[in-house]
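Participant: According to mature numbering (1 follows the signal peptide of the UniProt record, and there is no 0), the residues represented by the sequence shown are -36 to -1, 1 to 733, in order.
Beta carbons: idealized from backbone N, C-alpha and C, even for Gly.
Here it is: the structure, laid out below.
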Amino acid sequence: MESQKKKEKWKNFIKPTKNLLILLQILTILPQKSNSQNGYDGVVITQEDYQGLQAFKRELIDPKGYLKSWNDSGFGACSGAWSGIKCAKGQVIVIQLPWKSLGGRLTDKIAEFQALRKLSLHDNLISGPIPSSLGLLPNLRGLQLFNNRFSGSIPASLGQCSLLQTLDLSRNSLTGSLPPSLANCSKLFWVNFSFNALSGRVPGEFTRLSRLVVVDLKFNGLSGFLPDDLGKLENLRTLDLGHNRFKGSLPSSVSKLSSLRTLNLESNSFVGPLTEDIGTLSNLSVMNLRRNRFGGEIPRSIGDMSSLVDLDLSFNNFSGEIPETISGLLSLSSLNVSYNSLSGKVPVKLSEKFNESSFIGNRALCGFTPSNPCPSPPPTQPENREKPKRKRKISPKDAILIAAGALLVVMLILCCILLCCLIRKRGESKDREAVPGARPEKGGPSTSTDVPEVEAGETGGKLVHFDGLFVFTADDLLCATAEIMGKSTYGTVYKATLEDGNQVAVKRLREKITKSHKEFEAEVNVLGRIRHPNLLALRAYYIGPKGEKLLVFDYMPLGSLVTFLHARGPDTRIDWATRMKLIQGMTRGLFHLHNNETIIHGNLTSSNVLIDDDNNARIADYGLSRLMTAAAAANVIATAGALGYRAPELSKLKKANTKTDVYSLGVIILELLTGKSPGEAMNGVDLPQWVASIVKEEWTNEVFDLELMRDASMIGDELLNTLKLALHCVDPSPSARPEVQQVLQQLEEIRRPDTATTSGDDGGGTLSE
């Protein structure tokens, strides 16, 4: 009996103990009160923040179910189980839900998150006003709401966020003025309100924000004058005010912005001259003053801007001559002074470096094209003129002799003309006998015996054909109408229109840098037999009697990738499928060069990637270093990729290799992903560094071209995987970069090509086949 009583006693003790353990387990799961004496373990969320997240979720529309992990119990909210949430000591410090197709509105109860440091909801479909309660978040450091559908004004209460550092509300439908209260955010260094409908002036109070690095206000309706003391923003690197309604002259204090890298004032109503003080902006790399009313002469001090890469002064009222000092800007890769009132002769170095589109629209400007020569100065007359001699009268006998002599000369000229025509006819008949009437198709073999056709023109030059859609003689080539398309280290490229209307691209090589005739012909005959769908084929070459050397290629009407991507109209869109097709095509062409031809390109840029009628990429300028002297080839490598395509180790190696080519390929892939030119400095760093810094800050989606972001819900994974591969290609360490074969394989895993390209043994097939 006693033992039975003891058992019952223990059961009664154990039962409440078990209940207590269960209760303790439940209490550890439920949200805790913020005033609890026990503190937090970093996993259990506070009651206030839990309720705030529930309110946050209720106001949003989540068509793809990204917020399903936000359960009703609150369990796991701070352990990483809730999508986009990070906590510290039970309080939410980060809400990061970009690119999730979220709709609805942003709740006013956002103020519940008193520890919130970063709110990132960019690239969604959220609408309604931006809650003024955001100003009640004392720890807020980053606010990224760009590329949504927010409307209404920018809350003045944001000025209470004293720790705020980055504020990006761009690409919404915001109206109203810029709140002066933002000047109270003394730590603010990044402000982007671009692509909205804001109006009014830039508050003078903004000049108190001494830490500002980026100010982007383009594409709004802002107006009025700029603050006079703009020069106080000593850390400012980017000032973009393009496409607004600003007026007045540029404040003289702008010359004090010593850290400025990018100045864009395009499409406003600025007036007045530029002062010589503008030359003090020695770190400026982009100056775009296009479509304003600036006048006066172009300051000579612009030549002191040694870092200048892009200078656009077009569509203004500038007058006078183009300063010779601009010719000394070695980094300058883009110049546009068109449609002003400039006069005089274009400096020779500028006319050689830039085509006529940089200078057109200036009626009194000359010397920038062969068809627009500057008038020769009138001959100076001697001071002491002799008196004119009295004319002697011609006798009838003299007149008869003169007439007979003239008749004899005319007959001799006619005989010579007839003789030349006869010789030319015989030459043409021989050509027709030597050249088959039916030419092989484009990309086919050159001849059955694989021997190029050789023809000597009337001038004594030597023309060698490989293959092509049509045949031409040396005289046809030399008499063709030529138009300069561009200039490079190798020489000048022309679009040549033959007499029969066919067009070819002709590269005239600089004579002093090419190899001797024998070595040149040996190398060029090797290049002429390279055929691949993604390489620009060499169709013929010509060696003139005086040593001139011409290379003849297919003409690509769509031009280069740099033109295709950066010089298109505002309504022309390049979708992801087209961009990926170009990326894969470039990679196949480079793989063929490395694997089948043992050729290192050495100077791969978007300027020498051409686009055919089917939007296929054709790599040009490959193997040309083989035609040059050793010194000239070394010089090309030394200057290769001056616009941002050059691998960092080339400055020491002085010799290109497969990994330097892969680096250049990676830069071009980034160019297609971002829509940005590598020659355009971004906050003082090159394109790969800029992309890496954005990704590091977990703002990855900000790097992509906005055209691509429209379809982000469908192609998001492809974009991210391609970005990751591109960053692998531009790794600063050559050993860490993949070989081009690996790049091609990964690209095909990201997106299978629409049609597999095969071409026998030429390496044109896909790696996965």
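With C-beta atoms as the reference, is SER187 less than 8 Å away from SER213?
Facilitator: Contact annotation: SER187 and SER213 have beta-carbon atoms that are not nearer than 8 Å.
Participant: Going along the chain, which unbroken runs of the beta strand (DSSP E) with 3 or more residues stay wholly within the segment 426 to 457?
Facilitator: 426 to 429, 445 to 451
Participant: Are there 16 or more other CB atoms within 10 angstroms of the CB of ALA690, so buried, or fewer, so exposed?
Facilitator: buried
Participant: By alpha-carbon positions, which one of SER222, SER216, ARG254 ends up nearest to THR239?
Facilitator: THR239 has its Cα closest to that of SER216, out of SER222, SER216, ARG254.
Participant: How far does the alpha helix (DSSP H) with CYS693 in it extend, from its first residue to its last?
Facilitator: CYS693 -> alpha helix (DSSP H) spans 676 to 693.
Participant: Please state the DSSP three-state secondary structure of GLN124.
Facilitator: helix
Participant: Taking CB distances under 8 Å as the criterion, tell me whether LEU708 reaches chain C.
Facilitator: Among the chains in the structure shown there is no chain C, since it carries only a single protein chain.
Participant: So ASN112 is in the beta strand (DSSP E); what residue range does that whole segment cover?
Facilitator: Per DSSP, ASN112 belongs to no beta strand (DSSP E) and is neither H nor E.
Participant: Evaluate contact between the segment 66 to 83 and the segment 102 to 115, counting only Cβ atoms and requiring at least three cross-stretch pairs below 8 Å.
Facilitator: In short, these stretches touch, since the Cβ pair count reaches three.
Participant: PHE157: which of SER174, LYS182, ARG165 sits nearest, CA to CA?
Facilitator: LYS182
Participant: Using only CA atoms, which one of SER452, GLU512, GLN15, SER291 lies nearest to GLU475?
Facilitator: GLU512
Participant: Where do the N-terminal and C-terminal ends of the beta strand (DSSP E) with ASP13 fall, by residue?
Facilitator: No beta strand (DSSP E) contains ASP13, which is instead part of the alpha helix (DSSP H) from 11 to 22.
Participant: Along the beta strand (DSSP E) that carries MET592, what are the first and last residues, could you check?
Facilitator: Run containing MET592: none; DSSP gives neither H nor E here.
Participant: Could you work out which residue in TYR303, PHE258, ASN300, MET269 is closest to GLY292 when comparing CA atoms only?
Facilitator: MET269
Participant: Whole-angstrom Cβ separation of ILE266 and PHE282, contact assumed at under 8 Å?
Facilitator: That pair is no contact at about 11 Å.
Participant: Given a cut-off of 8 Å, decide if PRO119 and HIS86 are closer than it, judged by their beta-carbon atoms.
Facilitator: PRO119 is positioned such that its CB atom lies no closer than 8 Å to that of HIS86.
Participant: Counting only the same chain and skipping the five closest in sequence on each side, list residues whose C-beta sits under 6 Å from that of LEU491.
Facilitator: LEU502, GLY587
Participant: Measuring only the C-alpha atoms, how far is LEU(-7) from ASN685?
Facilitator: Low per-residue confidence applies at LEU(-7): pLDDT is 40, beneath 50, and the placement is therefore not dependable, though the value from the model is reported in the following sentence. LEU(-7) and ASN685: Cα-Cα distance of roughly 39 Å.
Participant: Should GLU316 be labelled buried (16 or more other beta-carbon atoms within 10 Å of its own) or exposed?
Facilitator: exposed
Participant: Mind checking which residues open and close the alpha helix (DSSP H) that includes TYR627?
Facilitator: 622 to 638
Participant: Does the segment 140 to 149 come within contact of the segment 692 to 699, defined as at least 3 CB pairs closer than 8 Å?
Facilitator: no
Participant: Kindly indicate which residue of LEU89, GLU76, LEU629 has the alpha-carbon position closest to the one of LEU98.
Facilitator: GLU76
Participant: Around the C-beta of ARG701, are 16 or more other C-beta atoms found within 10 angstroms, so that it is buried, or is it exposed?
Facilitator: buried
Participant: Distance, Cα to Cα, HIS207 vs GLU230?
Facilitator: So the two alpha carbons sit approximately 6 Å from each other.
Participant: Let me confirm a value: PRO497 is counted as buried when at least 16 other C-beta atoms fall within 10 Å, else exposed. Which label applies?
Facilitator: buried
Participant: At a threshold of 7 Å, does VAL428 count as lining the ligand MN (C-beta to nearest heavy atom)?
Facilitator: With respect to the ligand MN, the structure shown offers nothing to examine, as it has no ligands at all.
Participant: For the alpha helix (DSSP H) containing MET550, list its first residue and its last residue.
Facilitator: 540 to 559
Participant: Sort LYS220, ASP204, GLY450 by Cα distance to SER322 and report the nearest one.
Facilitator: GLY450
Participant: Work out the CA separation of LEU636 and ASN228 for me, nearest whole Å.
Facilitator: 22 Å
Participant: Considering only DSSP beta bridges, list what CYS330 is partnered with.
Facilitator: LYS309
Participant: Do you know whose CA, among ASP669, LEU24, GLN705, ALA584, lies nearest ARG543's CA?
Facilitator: Closest in alpha carbon position to ARG543, among ASP669, LEU24, GLN705, ALA584, is ASP669.
Participant: Taking just the CA atoms, how far does GLN18 sit from ASN300?
Facilitator: 55 Å
Participant: Near PRO337, which residues of its chain fall below 8 Å by C-beta distance, leaving aside the five closest residues on each side in sequence?
Facilitator: CYS330, GLY331
Participant: I need the boundaries of the alpha helix (DSSP H) containing ILE658, first residue and last residue.
Facilitator: 651 to 660
Participant: DSSP on VAL301, reduced to helix/strand/coil?
Facilitator: coil
Participant: Verify whether the separation of the beta carbon atoms of PHE528 and ILE575 is less than 8 Å.
Facilitator: yes
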